[in-house]
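Shown next, in structure tokens, is the structure this report addresses.
Residue numbers (the working numbering): -8 to 140.
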């Protein structure tokens, strides 16, 4: 059975207007993982919800809760891209942690408690994460954690 991966990461961050941070990292991560680890089943919540900043309350709440439930029950690996704080990503990380999923953060916020204490590994940027994938480090981590489950 394929390992299920959830791409978590900053969308609005601390912005108060209807504006998103660049979501290019999601495409980059998804394409990279599909090329280098094709056995993974990658889910990007933004790919199916690109207009989420314009959702009404009902659809927004349903989407938020559905993704958090997914992190808490359906995934094996969560990759959190957090160059700055993201409340939604923190909730997804918490749910994944409670589920026993492997959590990898791509972040320079190594003193942030959510990043620091919920992550199995922390990489400062996308390039160092990609190097870890290419070296086999991520596959080994998934295999190691899978044996513990």
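We treat Cβ as the ideally placed atom computed from N, Cα and C, and that holds for glycine.
Here the structure is a predicted model, which is why all the values come from computation and not from measurement.
Residue i burial status per 10 Å Cβ neighbour count (16 or more: buried)
i, result
"residue 30", "exposed"
"residue 119", "exposed"
"residue 107", "exposed"
"residue 53", "exposed"
"residue 80", "buried"
"residue 153", "For residue 153 there is no data in the structure shown, the boundaries of the chain being -8 and 140."
"residue 0", "buried"
"residue 26", "exposed"
"residue 56", "exposed"
"residue 61", "buried"
"residue 78", "exposed"
Proximity below 7 Å, CB of residue i to CB of residue j
i, j, result
"residue 115", "residue 99", "yes"
"residue 88", "residue 117", "no"
"residue 43", "residue 71", "no"
"residue 86", "residue 63", "yes"
"residue 68", "residue 121", "no"
Cross-strand partners of residue i (DSSP beta bridge)
i, result
"residue 34", "-3"
"residue 96", "71, 113"
Integer Cβ distance of residue i from residue j, believed to fall under 8 Å
i, j, result
"residue 93", "residue 111", "5 Å"
"residue 35", "residue -2", "5 Å"
"residue 82", "residue 59", "6 Å"
Three-pair Cβ contact test at 8 Å for the region 128 to 137 versus the region 102 to 109: Here the region 128 to 137 does not lie against the region 102 to 109, with fewer than 3 beta-carbon pairs under 8 Å apart.
The region 18 to 27 contacting the region 83 to 92, beta-carbon criterion three pairs below 8 Å: The answer is no - the region 83 to 92 does not touch the region 18 to 27, with fewer than three Cβ pairs under 8 Å.
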